[in-house]
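In terms of full-length UniProt numbering, the sequence shown has 17 at position 17, counting the first letter as 1, and numbering is strictly consecutive.
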Amino acid sequence: MTGRLDGRTVVVTGAGSGMGRAFAGAFVAEGAVVGVLDRSEDLARAACDDLDREHPGRSVPLVADVRRREEVAAAFDRFLDAAGGLDVLFNNAGVNRPMHLLDVTEENWHLIMDVNALGTLIGIQEGARRMIPRGGGKIVNTSSMAGRQGFPSFAPYCASKFAVNALTQAAARGLAEHDITVNSFSPGVVDTPLWTALDADLVAIGDADEPGRAMAAFAEGILRGRPATPDDIVGTALYLASSDSDYLTGQTIMIDGGMVLL
Ligand SMILES: NC(=O)c1ccc[n+]([C@@H]2O[C@H](COP(=O)([O-])OP(=O)(O)OC[C@H]3O[C@@H](n4cnc5c(N)ncnc54)[C@H](O)[C@@H]3O)[C@@H](O)[C@H]2O)c1
């Protein structure tokens, strides 16, 4: 049987958990060799051990903090040595630490902007530098519905995801001559460890009465009637990783079950 990503080499950042982990599994199942990059070595290795059970030798654990250029560059080079190419890069690692607008500190701002926005810029640059000599590739950035709407307890997070959309457009224009497409996608509420932590943080700052309530409140207006699971997002990620999306660039696809209608 042939897969939609047969022979493709793909790196996914933040792939030790949540959506990135689900993408890595789907990409390997569709024939790709996948670099599972995470800041946590334990998570990256555990994900690859899982993947190895069904698809031995098709995933490569990579450890890097996406804020640190030298670590990202070394991880990408390690993947090139192991897999022989870098056709597709998913800049997916991200964090959120909610604070009320008037309480946001410089520390909170820098943490979120550095991981989500600077990490995406570094990924785009270091990924493109390695794709250009090979004749092109695809870069896909994880944005958010918070990249289309401002929420008062998520101000730095929203700014970081608006930045991801801006970087997507700038990079699409800047890298078109090298045959590199750059797109992003915007989930809404996805049930992952990120939301579990967010839920607890929102209780701590008084935005929700008890764990689970904040997610339920955010999910109320979803036209599809429920929050997403990572599997709900996999089809869009597969499309963006495959040749089906070759004519698409500079775009941000909403995959939020109908929360933000543009
Ligand atoms: N869960 C949601 O509702 C939701 C909605 C919209 C967008 N997103 C975005 O989706 C992406 C994935 O989120 P998730 O929900 O799967 O989260 P998650 O917390 O389950 O996974 C994120 C992974 O990124 C890794 N990571 C964090 N900081 C890193 C760094 N500096 N360098 C390298 N790795 C790092 C973590 O170790 C973790 O394995 C993020 O960009 C997030 O902002 C999530």
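Cβ coordinates follow ideal geometry from the N, Cα and C atoms, glycine included.
What is the DSSP secondary structure of residue i, reduced to helix, strand or coil?
i           : result
Pro227      : coil
Met99       : coil
Ile222      : coil
Phe151      : coil
Gly35       : strand
Ile205      : coil
residue 263 : Beyond the ends of the chain as shown, which are 1 and 262, falls residue 263; an answer cannot be given.
Val164      : helix
Thr196      : helix
Asp6        : coil
Thr249      : coil
Ser242      : coil
Gly94       : coil
Using only alpha-carbon positions, find the residue among the options that is nearest to residue i.
i           : options                        : result
Gly57       : Gly136, Gly250, Thr9           : Thr9
Ala228      : Gln251, Leu194, Pro211, Ser242 : Leu194
Ser59       : Ala46, Arg67, Arg4             : Ala46
Trp109      : Val12, Phe23, Ala155, Asp38    : Ala155
Arg21       : Ala170, Ile253, Val36          : Val36
Gly127      : Pro98, Ala208, Thr105, Val72   : Val72
Asp38       : Val12, Glu70, Cys158           : Val12
Asp179      : Ile233, Ser245, Asp81, Thr252  : Ser245
Phe79       : Ala241, Asp49, Val63           : Val63
Asn96       : Gly206, Met19, Asp103, Cys158  : Cys158
Leu202      : Glu107, Arg53, His100          : His100
Ile122      : Ala26, Ala74, Phe218, Gly85    : Ala74
residue 279 : Leu262, Pro230, Phe23, Val33   : Absent from the model: residue 279. The displayed extent of the chain is 1 to 262, so no value can be given.
residue 263 : Gly14, Val66, Asp81, Arg68     : An answer regarding residue 263 cannot be provided, because it is not within the stretch 1 to 262 covered by the chain.
Glu70       : Gly84, Gln125, Asp81           : Gln125
Val66       : Glu54, Asn91, Asp81            : Asn91
Leu111      : Arg68, Phe151, Gly84           : Arg68
residue 312 : Gly174, Phe151, Arg226         : Summary: the structure shown does not reach residue 312, with the chain confined to residues 1 through 262, and so no result is reported for it.
Gln251      : Ala170, Leu102, Gly85          : Ala170
Ser243      : Glu106, Ile132, Gly136, Met19  : Gly136
Ala93       : Leu262, Arg226, Met19          : Met19
Gly212      : Pro61, Gly85, Thr196           : Thr196
Could you pull the start and end residues of the alpha helix (DSSP H) that residue i belongs to?
i      : result
Val76  : Per the sequence presented here, residue 76 reads as Phe, with Val not at that position. Where Phe76 is concerned, the enclosing alpha helix (DSSP H) stretches over 69-83.
Ile180 : Unbroken run through Ile180 is the beta strand (DSSP E), 180-187; no alpha helix (DSSP H).
Pro61  : No alpha helix (DSSP H) holds Pro61; the beta strand (DSSP E) holding it covers 59-63.
Thr192 : Neither: Thr192 is in no alpha helix (DSSP H) and is coded neither H nor E.
Glu210 : Neither: Glu210 is in no alpha helix (DSSP H) and is coded neither H nor E.
Ile124 : 119-131
Gly25  : 18-29
Leu51  : 41-54
For residue i, I'd like the list of residues in its chain whose CB is within less than 6 Å of its CB, leaving aside the five on either flank, ordered along the chain.
i      : result
Val40  : The sequence shown places Ser at residue 40, rather than the Val named in the question. Closer than 6 Å at the Cβ level, and outside the excluded window around Ser40, lie Gly16.
Lys138 : Val88, Thr181
Leu51  : Val28, Ser59
Gly31  : Gly3, Leu5, Asp6
Given residue i, which residues of its chain have a CB within under 7 Å of its CB, disregarding the five upstream and five downstream residues?
i      : result
Val260 : Met145, Arg148, Gln149, Met254
Val164 : Asn116, Ala117, Thr120, Asn141, Ser143, Gly147, Ser184
Gly188 : Met145, Ile222, Ala228, Asp256, Gly257, Met259
Leu43  : Gly16, Ser17
Thr236 : Phe185, Ile253, Ile255
Residue i lies in the beta strand (DSSP E); which residues open and close that run?
i           : result
Ile139      : 137-142
Met113      : Careful: Met113 lies outside any beta strand (DSSP E), inside the alpha helix (DSSP H) at 106-113.
residue 283 : With the chain covering 1 to 262 only, the question about residue 283 has no answer from this structure.
Val260      : Unbroken run through Val260: none, as it is neither H nor E.
Phe10       : As written in the sequence, residue 10 is Val, which differs from the Phe given in the question. Note, Val10: beta strand (DSSP E), 9-13.
Kindly indicate if chain C contains any beta-carbon less than 8 Å away from that of residue i.
i     : result
Val33 : The question asks about chain C, but that chain is absent: this structure has only one protein chain.
Considering only residues of the same chain and omitting the five flanking positions on each side of residue i, which have a CB-CB separation below 8 Å?
i      : result
Thr249 : Ala172, Ala176, Thr181, Val182, Asn183
Ala208 : Asp199, Leu202, Ala214, Ala217
His55  : Val28, Ala29
Assuming residue i contacts residue j under a Cβ cut-off of 8 Å, what Cβ separation, rounded to an integer in Å, is found between them?
i      : j      : result
Phe76  : Arg134 : Their Cβ separation, rounded to whole angstroms, is 12 Å, which puts Phe76 and Arg134 out of contact at 8 Å.
Ala24  : Val34  : 5 Å
Leu238 : Ala26  : 6 Å
Pro98  : Ile205 : 6 Å
Met113 : Ser160 : 5 Å
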